[in-house]
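Chemist:
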Ligand SMILES: [Zn+2]
């Protein structure tokens, strides 16, 4: 799915794309100048490799996504969001999915089996539910 930067004006544009089990639902909104903000949610599953045993397992993904998309080279630094550059005047949603899934794969992951063996000895943190 490709969307021309030109087509994103004052009104937001909804996107809903999925590839290889990963899905992005969100909206594109014109920021300043050549920048477009993508805000939404990423969900699904990504196949990752356990750093302990090397086995691959599928990791459930459900997180907020915030990206700043640049029409051409972006020469600034953005603290609020990661910037993704596109060079042909259009936003390639598949490219975003690919790079998000690639960056998830680059993280350290421990499979449920190894986690269980590890037990609670690494000082488990309790997350508060909303
Ligand atoms: Zn493992």
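In the numbering used here, the protein residues as written are 211 to 340. Quick reminder that beta carbons are idealized off the backbone N, C-alpha and C, glycines included.
Do three or more CB pairs link the stretch 220 to 231 to the stretch 253 to 264 at distances below 8 Å?
Modeler: Yes, the stretch 220 to 231 is in contact with the stretch 253 to 264.
Chemist: Enumerated in chain order, which unbroken segments of the beta strand (DSSP E) with a length of 3 residues or greater are wholly contained in the stretch 285 to 327?
Modeler: Listed in chain order, the complete beta strand (DSSP E) runs (minimum 3 residues) inside the stretch 285 to 327 are 292 to 296 and 300 to 302.
Chemist: Decide if residue 218 is buried, meaning its Cβ has at least 16 other Cβ atoms within 10 Å, or exposed.
Modeler: Counting Cβ neighbours within 10 Å, residue 218 comes out buried, since at least 16 surround it.
Chemist: Does the beta-carbon of residue 323, which I'm using as the reference point, lie nearer than 7 Å to any heavy atom of ligand 1?
Modeler: Result yes, Cβ under 7 Å from ligand 1.
Chemist: Using only alpha-carbon positions, find the residue among 273, 297, 258 and 290 that is nearest to residue 282.
Modeler: Minimum Cα distance to residue 282 is reached at 297.
Chemist: Is the closest heavy atom of ligand 1 to the C-beta of residue 257 under 7 Å?
Modeler: Checking every heavy atom of ligand 1 against the Cβ of residue 257, none is found closer than 7 Å.
Chemist: Report the partner residues of residue 270 according to the DSSP bridge assignment.
Modeler: 255, per the DSSP bridge assignment.
Chemist: Please name the residue in 291, 213, 326 and 321 whose C-alpha comes closest to that of residue 268.
Modeler: Measuring from the Cα of residue 268, the nearest candidate turns out to be 321.
Chemist: Excluding sequence positions up to five away, which residues of its chain have a Cβ less than 7 Å from the Cβ of residue 271?
Modeler: Here the set comprises 232, 252, 253, 254, 255, 256 and 314.
Chemist: Using only the heavy atoms of ligand 1, determine whether one of them is closer than 7 Å to the beta carbon of residue 341.
Modeler: The chain is shown from 211 up to 340; residue 341 falls before or after that span and cannot be answered.
Chemist: For residue 236, count neighbouring C-beta atoms within 10 Å of its own C-beta (all shown protein chains included) and say buried if the count is 16 or more, exposed if not.
Modeler: It is buried - the Cβ of residue 236 has at least 16 other Cβ atoms within 10 Å.
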